[in-house]
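Count the sequence shown with this note's numbering and you get residues 5 to 218, in order. Quick reminder that beta carbons are idealized off the backbone N, C-alpha and C, glycines included. Remarks on the structure that follows.
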Amino acid sequence: MIRLGVLVSGGGTNLQAILDAIAAGQLDAEVAVVVSNKKEAGGLARAAKAGVPTVVVPHGDYPDRRAFDAALVAVLRERGVEWVVLAGFMRLLTEVFLEAFALRTVNIHPALLPAFPGVDGQRQALAYGVRVAGCTVHLVDRGTDTGPIVAQAVVPVLPDDDEESLKARILVEEHALLPTVLQWIAAGKVQIETSPDGRPRVRVTGAKTAFGLA
Ligand code: GRF
Numbered sequence: 005m006i007r008l009g010v011l012v013s014g015g016g017t018n019l020q021a022i023l024d025a026i027a028a029g030q031l032d033a034e035v036a037v038v039v040s041n042k043k044e045a046g047g048l049a050r051a052a053k054a055g056v057p058t059v060v061v062p063h064g065d066y067p068d069r070r071a072f073d074a075a076l077v078a079v080l081r082e083r084g085v086e087w088v089v090l091a092g093f094m095r096l097l098t099e100v101f102l103e104a105f106a107l108r109t110v111n112i113h114p115a116l117l118p119a120f121p122g123v124d125g126q127r128q129a130l131a132y133g134v135r136v137a138g139c140t141v142h143l144v145d146r147g148t149d150t151g152p153i154v155a156q157a158v159v160p161v162l163p164d165d166d167e168e169s170l171k172a173r174i175l176v177e178e179h180a181l182l183p184t185v186l187q188w189i190a191a192g193k194v195q196i197e198t199s200p201d202g203r204p205r206v207r208v209t210g211a212k213t214a215f216g217l218a
């Protein structure tokens with residue numbers, strides 16, 4: 005059982021997927037707290053409905069990003085959070101946060117990294133004209149969407165796709181991939197190793213993926 009803190013800024017459908025997986029007995033985790041920088045984030049209502057405590061930390065209340073991050077860390081530590089999930093959290097984190105949860109922060113990004121990092125990954129993919137798109141779950145480092153990749157899921161890009169249809173197709177995969185990866189973490193299947201270039205890299209052992217055993 006791992007204690008999660010989930011950070012949201014928006015609708016929270018990925019948070020919902022986590023809550024649903026826990027309720028269905030597919031994810032051996034507890035969401036200790038859901039934190040948002042926006043009081044109107046739909047994810048807060050989803051958390052409340054599931055009986056999960058929520059905290060709003062408005063970024064505008066802090067003089068700079070480091071002070072905001074320190075406030076986030078305080079909330080997460082107070083609740084005994086072991087792993088942090090960025091589920092549509094739209095703020096960049098500083099080393100104040102990343103040192104507190106070094107290699108224990110997971111992000112879901114709606115593109116096949118390292119292609120199309122940053123905002124609007126789906127729009128970037130469509131504009132580029134790629135034939136496959138998808139989503140990536142990775143550990144967070146100091147860069148924007150640059151940290152070690154844990155898992156990816158792929159969808160086709162169809163000739164008539166617009167941003168909305170591609171987003172929706174990717175989102176279905178996000179909702180499956182994120183709880184799956186969190187369960188791998190809960191089960192101790194995710195290890196960090198060092199790649200030949202000295203960067204941390206993830207090794208997944210004994211887990212089932214769409215392409216067979218990892
Ligand atoms: C998702 O597409 C996620 O990949 C991105 O932000 C979106 C959040 O959606 N980081 P939701 O709030 O989970 O519905």
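Under 7 Å between C-beta atoms of residue i and residue j
i	j	result
P160	V176	no
H142	R95	no
V77	V39	no
R205	S199	yes
K43	V60	yes
G151	V158	no
R83	V37	yes
G14	A45	yes
As assigned by DSSP and simplified to three states, the class of residue i
i	result
E197	strand
V60	strand
G138	strand
P121	coil
T213	strand
E167	helix
N41	coil
V77	helix
Q30	coil
G9	strand
L48	helix
V85	coil
T150	coil
P204	strand
T109	strand
L143	strand
Close-in-space but distant-in-sequence residues of the same chain around residue i (CB under 6 Å, 5 per side omitted)
i	result
G210	K193
Q128	F120
R50	G16, L19 and Q20
V56	V35 and V38
R69	T98
Other residues of its chain near residue i: CB distance less than 8 Å, five sequence neighbours each side excluded
i	result
A91	V10, L11, V12, G16, N18, L19, I22, G47, I112 and L182
L186	I6, L8, I22, A25, L31, A33, W87, V89 and V110
T58	V37, V38, V39, S40, L48, A51 and A52
S169	L162
Residues near residue i by beta carbon distance below 7 Å, same chain, minus five either side
i	result
L117	T140, H142, D149 and I153
E178	N18, I112, P114 and C139
D73	L97, T98, V100 and F101
E167	Q126, R127 and L130
L107	L143, I196 and P204
W188	V194, V208 and A211
R173	V159
F105	V88
Chain B within 7 Å of residue i, Cβ atoms only
i	result
A157	Chain labels in this structure do not include chain B; a single protein chain is all it has.
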